[in-house]
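Visitor: Provided herewith is a single structure, encoded as structure tokens, for subsequent inquiry.
Numbering (full-length UniProt numbering), first residue to last: 1 to 70.
This is the structure:
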């Protein structure tokens with residue numbers, strides 16, 4: 001019991017409040033990278049698809065902007 005109490009005393013709890021898309025998830029992900037050794041291979045593969053999609057979306061936005069500007 002004492003060991004559990006000591007562990008609980010060292011635990012920091014944080015409540016993140018904010019509107020959608022305000023960065024709450026980003027904070028949690030960054031804390032995981034810093035304090036839990038990063039992501040598993042499976043998590044990396046999941047993020048890979050998301051990152052790839054973001055790159056394509058951004059490239060298309062740039063191309064469309066260039067077309068609009070001539």
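Even glycine gets a Cβ: it sits at the ideal position worked out from N, Cα and C.
1) Using CA coordinates, which residue listed in 59, 32 and 26 is at the minimum distance from residue 82?
2) Judging by CA-CA distance, which residue of 24, 8, 44 and 70 is the nearest neighbour of residue 15?
3) Helix, strand or coil: how does DSSP classify residue 21 here?
4) Which of the three DSSP states is assigned to residue 34 in this structure?
5) Return the first residue and the last residue of the alpha helix (DSSP H) that residue 60 is part of.
Guide: Taking the structure as given:
1) Nothing about residue 82 can be reported from this structure: the residues present for the chain run from 1 to 70 only.
2) 24
3) coil
4) Residue 34 sits in a helix when the DSSP states are folded into three classes.
5) 41–69
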